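Residue numbers (our numbering), protein chains in the order written: chain A, 478 to 880; chain B, 478 to 880.
Quick notes on the structure that follows.
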């Protein structure tokens, strides 16, 4: 028997054991951006809302999510920009003008979203929180406070109860928030010993300027003589200068997001490790008291030339035995997660289906080839929504639901 | 001590232990396409060479590699196309005209490259091999014969000795060939228990038509009104129709290459598993006699919008303890491999540096966060060169070196 035949026999045997997959059950929704999660504040008293950094990519998305979810805003949201006096067009509230930020100006507010720098958060977040209304909350999108013991790090569907009574809540790293949507239900059902993540991250992770740089690089390449393609593998001979990314991103892959750390990992990669651990209930870095039962998490973070949805290939080793069917059962119905796993119909998570949607898509669920108890799967989520603005608004809703 | 401070302390301790990295030593070569490996046939009698499928992407690259390496071709190579009578422009041999293929026409040849289908290889490869000159060899780029016991599967730097006396040699899958360049020296030095691969594969894996479809999709997107970007995350509203890929590839990520198998993996993913195992000296699929010492290999194969270099994020568990320094020492000097691992200077493997080069780049070498003995690293190689044409020509050189 040749090796080829043995392979074919093995595949045929596998086919006989294939699980039954009703195609409609796992079909991902193709709907346009619609609320995937119940609005918990409908009918409550309107809230005083402010957004710091309202003109950036995340700030803009927060405005959009507030509108689309019908968040009960008193009047219109107050927008703070890096400078005051800039006009922001909104759907629900017409043209709004940004104001220059001061802590004083946020006094008595119910919800303040920070879409600003880590330095800004360190300097002002707790002070803003102290001046808010009785049940007011600051939701910070920076990474500066995420590992502080007194600041909960929250994906509402995972650990939303931590919002109760918090004056400042940290919004997680985009890659981590997207990964957690699938990891958490699997953690609950099977336990997690090892998590290995390889990311496919969009330009939007570097904000509006990153998206613009990719678009400019792509447009420049197309405009140049494409005959060079056969010789150098790129459209055009000379890429545009890069400033947002470490190298030109068009037609490239850059395994470098955020700064390199002493251990050779980037800060983006370590954020995934630290934040997954914290949100699963462990200390961000392994403590001296690690019993060996704590999940080990590793990430390779890679920028690719897409615009605003992050994809992730994830391999896990579970504590308990797991099958593909049991994993599907554990993932099905988890709020904010859509199962896109019908390979017979070429259905799996992709940026072109998850962009603009609130749900994170999970698919390509397979039994691990390397772990006795383990899975491989693939996820994709809108970086600016689940990875930032949607999660921030859901945090605000959750925090206010305890008021 | 807050969690943040503990993280910072841990990083500072890590910094003190950081290895010394002379930047020049690990700087990847920036040279344009040049021979990376010694030409072993220089000065030998010219050989009768034929290429079947000469007008495809791989066939074209084979012609280029033969020229650039100064392969001793008697007269000019004979080109067989799907139809005869097509003109192919070459540098060294001017305009050549394709002929219609027949086994008869290859009789007495010394080297025949097959850049055709698996069905073609099954039908003709052994018959062509039987009619060649005494030390003649057929190098087949398809996957059809790779798992047959009587056909060696060869990356010359890894297991080139298997070419000796072979009438038909199989060229491996592109992703596998690129991965093996880094995996093999690590296997020799530390042993491999587990290999987990996530790929970032270029359009060229789907041939010239795949590259054209990506170019057309990108150009179409740029030409459309880019104001839609803010709403749907793509340039332009309507992607072009796709035929080479399962979905539009421009600004997208498609976790689907080749056909889905009964176990949920794609054939591309299983090729990586089977071919890594075979080239490391094990049966392609685990045998009943697996002692538990055989390496387990798993892959998630993903198409991204780049043109012709494949990247791969690889996590390994080794049998023996391994450090980053020891890994670098094991990788340094391996022929066909360039260490691109100087993060202080933003140097790591990327398509824009590896495209057109013979060497596979390896970098981002890190101690594993999940395995006690293990590493993470990132590689990038030209899919049409190491992944196909270069490897095929090197196989022919190796096979003829035994003549």
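We treat Cβ as the ideally placed atom computed from N, Cα and C, and that holds for glycine.
Here the structure is a predicted model, which is why all the values come from computation and not from measurement.
| Check | Outcome |
| --- | --- |
| What does the Cβ neighbour count give for residue 580(B), buried or exposed, with the cut at 16 atoms within 10 Å? | exposed |
| Does residue 815(A) come out as helix, strand or coil in the three-state DSSP assignment? | strand |
| Kindly indicate the opening and closing residues of the alpha helix (DSSP H) around residue 664(A). | 651-667 |
| Under DSSP, the alpha helix (DSSP H) around residue 557(A) begins and ends at which residues? | First-last for residue 557(A): 555-558, but that is the beta strand (DSSP E), not the alpha helix (DSSP H). |
| Pull up the distance between the alpha-carbon of residue 602(B) and that of residue 624(B), whole angstroms please. | 14 Å |
| Which residues, taken in chain order from the segment 770-784 of chain A, show a beta carbon closer than 7 Å to some beta carbon of chain B? | 773, 774, 775, 777, 779, 781, 782, 783 and 784 |
| Could you name the residues that DSSP lists as bridge partners for residue 787(B)? | 858(B) |
| Start and end of the beta strand (DSSP E) containing residue 541(B)? | Run containing residue 541(B): none in the beta strand (DSSP E); it sits in the alpha helix (DSSP H), 534-545. |
| Which residues share a DSSP beta bridge with residue 591(B)? | 529(B) and 617(B) |
| By DSSP, does residue 864(B) sit in helix, in strand, or in coil? | helix |
| On the criterion of 16 or more Cβ atoms from any shown chain inside 10 Å, does residue 572(A) qualify as buried, or is it exposed? | exposed |
| Since residue 673(B) meets chain A, which of its residues come closer than 8 Å, beta carbon to beta carbon? | 673, 792 and 847 |
| Against residue 827(A), what residues of chain B qualify as contacts under a CB-to-CB distance less than 8 Å, listed in chain order? | 724, 729, 730, 731 and 732 |
| Give a yes or no on whether 7 Å exceeds the smallest Cβ distance from residue 841(A) to chain B. | yes |
| For the beta strand (DSSP E) that residue 841(B) lies in, which residues bound it at each end? | 837-844 |
| Just mark residue 746(A) as buried or exposed, buried being the case when its beta carbon has 16 or more other beta carbons within 10 Å. | buried |
| CA-CA distance, residue 653(B) and residue 587(A)? | 56 Å |
| Mind checking residue 748(B): buried by the 16 CB within 10 Å criterion, or exposed? | buried |
| My output table needs one value for residue 871(B): the three-state DSSP class, helix, strand or coil. | helix |
| Is it the case that the Cβ atoms of residue 756(A) and residue 635(A) are separated by a distance below 7 Å? | yes |
| Figure out for me which residue from 545(B), 616(B), 681(B) and 788(B) has the closest Cα to the Cα of residue 676(A). | 788(B) |
| I'd like to know if residue 823(A) contacts chain B, where contact means its C-beta is closer than 7 Å to some C-beta of that chain. | yes |
| Report the rounded CA-to-CA distance for residue 630(A) versus residue 720(A), giving the unit in angstroms. | 31 Å |
| What distance in whole Å lies between the Cβ atoms of residue 793(B) and residue 663(B), which are believed to be in contact at a cut-off of 8 Å? | 7 Å |
| Return the first residue and the last residue of the alpha helix (DSSP H) that residue 808(A) is part of. | 801-808 |
| Roughly how many whole angstroms lie between the Cα atoms of residue 638(B) and residue 831(A)? | 49 Å |
| Spell out the partners DSSP gives residue 753(A) in its beta bridges. | Paired residue(s): none; residue 753(A) is not in a bridge. |
| As a quick exercise: from 736(B), 738(B), 735(B) and 692(B), pick the residue whose alpha carbon is nearest that of residue 717(B). | 692(B) |
| Under 8 Å between beta-carbons, which chain B residues line up against residue 844(A)? List them in chain order, please. | 740 and 741 |
| Are residue 532(A) and residue 560(A) close, meaning C-beta to C-beta below 7 Å? | no |
| Just to confirm my understanding: we take residue 644(B), look at its own chain, exclude 5 residues before and 5 after, and list those with CB closer than 8 Å. What are they? | 603, 606, 607, 609, 613, 614 and 615 |
| Leaving out five residues on either side along the sequence, give the residues of the same chain with a beta carbon under 6 Å from the beta carbon of residue 574(A). | 564 |
| Does any CB atom of chain C fall closer than 7 Å to the CB of residue 677(B)? | Note that chain C does not occur in the displayed structure, where the protein chains are A and B. |
| Establish whether the CB of residue 819(A) and some CB of chain B are separated by less than 7 Å. | no |
| Could you give the first and the last residue of the continuous alpha helix (DSSP H) run that contains residue 831(B)? | 828-831 |
| Below 8 Å, can you find three or more Cβ-Cβ pairs linking the segment 868-880 of chain B to the segment 775-791 of chain A? | no |
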